[in-house]
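Here the structure is laid out as structure tokens; the discussion comes afterwards.
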Amino acid sequence: MKKVGFVMVISAFLLVGCGTKGNKAEESKAASSSETQTMTNSSSSAKQASSQTQSTTTNSQSVAKNTNTTQNETTSASTTISSATETMVTPDPLSGYTNDQIEYARVWLAVMGTHYKTDLASGNFKLHVSHSAAGAAVNPYDSTSLTFPTETVTLSGEYGYQSLVVYSSNHNGTITCYPVPSHFQGDPRDQAAVKKQEQEILDQATIVSIPTGNPEDVKELIAVQVVDN
Numbered sequence: 019m020k021k022v023g024f025v026m027v028i029s030a031f032l033l034v035g036c037g038t039k040g041n042k043a044e045e046s047k048a049a050s051s052s053e054t055q056t057m058t059n060s061s062s063s064a065k066q067a068s069s070q071t072q073s074t075t076t077n078s079q080s081v082a083k084n085t086n087t088t089q090n091e092t093t094s095a096s097t098t099i100s101s102a103t104e105t106m107v108t109p110d111p112l113s114g115y116t117n118d119q120i121e122y123a124r125v126w127l128a129v130m131g132t133h134y135k136t137d138l139a140s141g142n143f144k145l146h147v148s149h150s151a152a153g154a155a156v157n158p159y160d161s162t163s164l165t166f167p168t169e170t171v172t173l174s175g176e177y178g179y180q181s182l183v184v185y186s187s188n189h190n191g192t193i194t195c196y197p198v199p200s201h202f203q204g205d206p207r208d209q210a211a212v213k214k215q216e217q218e219i220l221d222q223a224t225i226v227s228i229p230t231g232n233p234e235d236v237k238e239l240i241a242v243q244v245v246d247n
């Protein structure tokens, strides 16, 4: 009977030992499965991060490419506009005339305006041009007249009432204009009065800027210019 009890105790210990080993095996298997799942999740997260990084890089490259394309298109458009502007140069309407012809017309327009048009319409206007060397008499009716210091040009109409312009060119877009009258008044025998008038003409000279004027008016005056000397 004692032997039977001893055998039963031994069997109980063996069963407990097997149960413990079984539990440990199950726990080990569960832990291994958990680690495997964790590694799988980590791998999946890494793949997703890598995919997102590649997507971001691709998008950045696409944006940069589009930006470069836009810049190139803008540069090309600017170059085209610049070339078109350079090509569309307005022709000079006075290219067929000499500088002197243009100067005479512009000076008359700047000083006298367009009052000539009324006489021109009736055929009673000509623009006469006369040149005088430096030292020419201020008063052609005075044998001892004071003189101009430089070469002068005299522009006059067909008739005395159309007035005149006496000037010297400064060759910089301006002229020195002398207030010479169409007719000298006073007694020519009164030399004091004559000399005073001549001196005033020299002293009262003014600098006048000559604008380009209306090309059509310039051409109109060139058409009726008469160069006397």
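If you're matching positions, the sequence shown starts at 19 in our numbering and goes up one per residue. Virtual Cβ for every residue (Gly too), placed ideally from N, Cα, C. The structure displayed is predicted, hence computed values, not measured ones.
Under a CB-based cut-off of 8 Å, is residue i close to chain D?
i      : result
VAL184 : Reference to chain D is not applicable here, since this structure consists of a single protein chain.
Assuming residue i and residue j make a contact with CB atoms under 8 Å, what is their CB distance in whole Å?
i      : j      : result
SER186 : THR192 : That belief does not hold up - the Cβ atoms of SER186 and THR192 are roughly 10 Å apart, past 8 Å.
LEU164 : LEU112 : The pair is not a contact, with the Cβ atoms about 37 Å apart (cut-off 8 Å).
What first and last residue would you give for the beta strand (DSSP E) that runs through residue i?
i      : result
VAL226 : 224-227
VAL244 : 243-245
Going by DSSP in three states, residue i sits in which element: helix, strand or coil?
i      : result
THR136 : helix
ALA154 : coil
LEU112 : coil
VAL147 : strand
GLY40  : Per-residue confidence for GLY40 stands at a pLDDT of 44, beneath the threshold of 50, marking its modelled position as unreliable; the derived number appears in the next sentence. Correct three-state label for GLY40: helix.
LEU182 : strand
Around the C-beta of residue i, are 16 or more other C-beta atoms found within 10 angstroms, so that it is buried, or is it exposed?
i      : result
ILE152 : According to the sequence displayed, residue 152 carries Ala and not Ile. ALA152 should be labelled exposed.
THR224 : exposed
VAL245 : exposed
VAL107 : exposed
GLU53  : Note that GLU53 scores 47 on pLDDT, short of 50, meaning its location in the model is unreliable; the coordinates nonetheless yield the value given after this. Exposed.
ALA123 : buried
THR170 : buried
LEU33  : The pLDDT assigned to LEU33 is 39, lower than 50, so where the model puts this residue is not dependable, and the model offers no usable value.
GLU234 : exposed
Return the first residue and the last residue of the alpha helix (DSSP H) that residue i is part of.
i      : result
TYR122 : 117-130
Any 3 or more C-beta pairs closer than 8 Å across the segment 118-127 and the segment 156-164: no
May I ask you to verify whether the segment 170-189 touches the segment 142-155, counting CB pairs closer than 8 Å and requiring at least 3? yes
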